[in-house]
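K.L.:
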Amino acid sequence: EINAPCLARLRAAMCHDRMDYLLLTDHPDSFGDIPFEDSFLHAEGDTWVPGPPGEPPLTNRIACPDGRAVLLAPGSEGDLMPVMFQRKPERALLRDASPEGAAGLRDAGAFVLQAHIERFTADELAPLGLDGIEIYNLHANLDPRGELRQLGEVLPDVSDWIGAGVRGPHPDLAFLAVYRPNHLALEAWDGLTPRGRMMGFAGSDIHENLPPLLRPLDGDRIDSYRRLGAWFSNYLLVSDVTYEAVREAVGAHRLFVTFDILGPPDGFDWHAETAAGAVVEMGDEVALAEGVTLRATPPTAGEGSPRALVLRRVDADGPVEVARVEDGPLTFEVDRPGVYRLEVWITPEHLRGDLRDFADRFIRPLVWIYANPIYVR
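Just so we're aligned, residue 60 is where the sequence shown starts under the working numbering, counting upward by one.
#1: So, for D279: in the same chain, excluding its five sequence neighbours on each side, which residues have a beta-carbon less than 8 Å away from its beta-carbon?
#2: Expressed to the nearest angstrom, what Euclidean distance is found between the alpha-carbon atoms of L370 and I221?
#3: Under a three-way DSSP split, which group does G91 fall into?
#4: Between the Cα of D343 and the Cα atoms of A334, A311, A367, which residue gives the shortest distance?
#5: Is E60 buried or exposed, if buried means 16 or more other CB atoms sit within 10 Å of its CB?
#6: Look at V237 and L130 and say whether their C-beta atoms are less than 8 Å apart.
#7: With C-beta atoms as the reference, is F260 less than 8 Å away from V316?
#8: For D79, I'd like the list of residues in its chain whose CB is within less than 6 Å of its CB, leaving aside the five on either flank, ordered along the chain.
#9: When burial is assigned at 16 or more other CB atoms within 10 Å of the CB, is R395 buried or exposed?
#10: Quick one: using the 10 Å Cβ neighbour count with 16 as the cut-off for buried, is I93 buried or exposed?
#11: Of the residues Q145, R127, M140, N241, which one's Cα is nearest the Cα of P112?
#12: Does the count of Cβ pairs from the stretch 209 to 221 and the stretch 400 to 413 closer than 8 Å reach three?
#13: From the DSSP output, in three-state form, read off Y238 for me.
#14: Taking DSSP as the reference, what is the three-state secondary structure of H266?
#15: By the 10 Å Cβ neighbour count, where 16 or more other Cβ atoms means buried, how is D376 classified, buried or exposed?
#16: Given a cut-off of 8 Å on the beta-carbon distance, is the pair A169 and E136 in contact?
#17: Determine the direct distance from the alpha carbon of M257 to that of A185, and round the result to whole angstroms.
#18: Alpha carbon to alpha carbon, how far is P378 from N119?
#19: Does DSSP put N200 in a helix, in a strand, or in coil?
#20: How far does the beta strand (DSSP E) with D216 in it extend, from its first residue to its last?
#21: Leaving out the 5 sequence neighbours to the left and right, which residues in its chain are closer than 7 Å to F90 when beta-carbon positions are compared?
#22: Can R146 be considered in contact with the ligand ZN, in the sense that its beta carbon sits closer than 7 Å to one or more heavy atoms?
#23: Does P141 have its Cβ less than 8 Å from a Cβ in chain D?
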């Protein structure tokens, strides 16, 4: 049975947070129990994007009050995380974390991803032939099966924030009490990309299931769809927001993760150029022999907030920082093959006023953007 108020909050959050697209997943039992068309959350005023004759719709364009639309495509998150299904798979495949299971999900039109990477190693993931893995999930910052040292940092920050009342940060900034890099996921990603292209993305794991104790002073749930949807996003490089463009960008790994709570990624760019002038976007491969220059431009930051572009080369021996530029563009002449991935860091001084008594505690260098790699072969 559909929880109508919960669904209404989800639809409202998509519009409030100005999403362009949403790859929505549900647990296998829930996804498997409903007709495929119901997983698109279609309602009066929405617009179907039809599939080929005789096939299910490709996506639903969810209507927003301001005239915008959010492109929604369904998926499932179980033993694997397939997204953008074009038809409903056999139910057993939703619980089949094997190469054969991944192939069956792909036959249903899905990109096959994996979530909760803190539970896996690169060697365990490599045989599955995945299209991408989660490199950040809020859940991992709080999971005792993950990084215990990190959990020891997070829990005191969360506890003190809960007890702070009006002295605490703006409720939307409570994310900074929890946010830490998912080191185990990044380690797995760096273990996979030298073996082949592997998209990195972020997942929210939103359930709206935290206890009322965590209801902040603004009256909204701390784990509301609206709030979590504004904390971080997966940005795609597209020329238009259509099903075809989104699908092409996901397949090409033209995606970067931005922690929007630290600021929008306005002005950000990351690409390579060959000696002949060809542009190579994130997710693409290029031959070293073509003469490769990597270029990056940081986003515009809030006033007084230092930024850094950090370039890492990843190979079979692991990641190595090869360049770092503070508050300016980066240019790097590539002299050896490798997987080159970019991070943007920020020290968010512009949030000091809204962090109130927690400013000195929560203002620290943080990853603002994880960009997908450029592969130099």
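Using N, Cα and C, we set each Cβ at its ideal position, and we do this for glycine too.
P.N.:
Quick answer:
#1: Stepping through the sequence shown from its first residue, residue 279 is reached at position 220. Excluding sequence neighbours, D279 sits near P230, R285, R286.
#2: Here residue 370 is taken as the residue at index 311 of the sequence shown, counted from 1. Here residue 221 is taken as the residue at index 162 of the sequence shown, counted from 1. About 37 Å.
#3: Here residue 91 refers to the residue found at position 32 of the sequence shown. It is helical.
#4: Residue numbering aside, residue 343 sits at position 284 when the sequence shown is read from its first letter. Looking at the Cα atoms, A311 is the closest of the given residues.
#5: Within the sequence shown, numbered from 1, the residue matching residue 60 stands at position 1. Looking at its Cβ environment, which holds fewer than 16 other Cβ atoms inside 10 Å, E60 is exposed.
#6: As a first step, residue 237 must be located in the sequence shown, where it is residue number 178. As a first step, residue 130 must be located in the sequence shown, where it is residue number 71. Cβ atoms of V237 and L130: not closer than 8 Å.
#7: Residue numbering aside, residue 260 sits at position 201 when the sequence shown is read from its first letter. Residue numbering aside, residue 316 sits at position 257 when the sequence shown is read from its first letter. Yes, they are a contact pair.
#8: On the sequence shown, residue 79 is found 20 positions in, with the first residue counted as 1. Closer than 6 Å at the Cβ level, and outside the excluded window around D79, lie V300.
#9: Translated into the one-based positions of the sequence shown, residue 395 becomes position 336. Answer is exposed; the Cβ neighbour count stays below 16.
#10: Residue 93 sits at position 34 when you count from the first residue of the sequence shown. Under this definition I93 is an exposed residue.
#11: By 1-based counting over the sequence shown, the position of residue 112 is 53. Nearest option by C-alpha distance: Q145.
#12: no
#13: Along the sequence shown, read from residue 1 onward, the residue named residue 238 stands at position 179. Looking at Y238 - three-state DSSP - the assignment turns out to be coil, as it is neither helix nor strand.
#14: Counted from its first residue, the sequence shown places residue 266 at position 207. Correct three-state label for H266: coil.
#15: Sequence index remark: in the sequence shown, residue 376 carries index 317 (1-based). With fewer than 16 Cβ atoms within 10 Å of its Cβ, D376 is classed as exposed.
#16: Locating residue 169 in the sequence shown gives position 110, counting from the first residue. Locating residue 136 in the sequence shown gives position 77, counting from the first residue. Taking 8 Å as the Cβ cut-off, A169 and E136 do not qualify as a contacting pair.
#17: Here residue 185 refers to the residue found at position 126 when the sequence shown is read from its first residue. Here residue 257 refers to the residue found at position 198 when the sequence shown is read from its first residue. Looking at the two C-alpha atoms, the distance is approximately 10 Å.
#18: Taking the first residue of the sequence shown as position 1, residue 378 is located at position 319. Taking the first residue of the sequence shown as position 1, residue 119 is located at position 60. About 40 Å.
#19: The sequence position of residue 200 within the sequence shown is 141, counting from 1. Helix at N200.
#20: Position 157 of the sequence shown, counted from the start, is the residue given in the question as residue 216. Note, D216: premise wrong, no beta strand (DSSP E); alpha helix (DSSP H) at 207 to 223.
#21: Position 31 of the sequence shown, counting from 1, holds the residue named residue 90. If we look at F90 and ignore the five residues flanking it on each side, its Cβ neighbours are S98, S135, L153.
#22: In the structure on display, the ligand ZN does not appear, and there are no ligands present to speak of.
#23: This model lacks chain D altogether; it includes just one protein chain.
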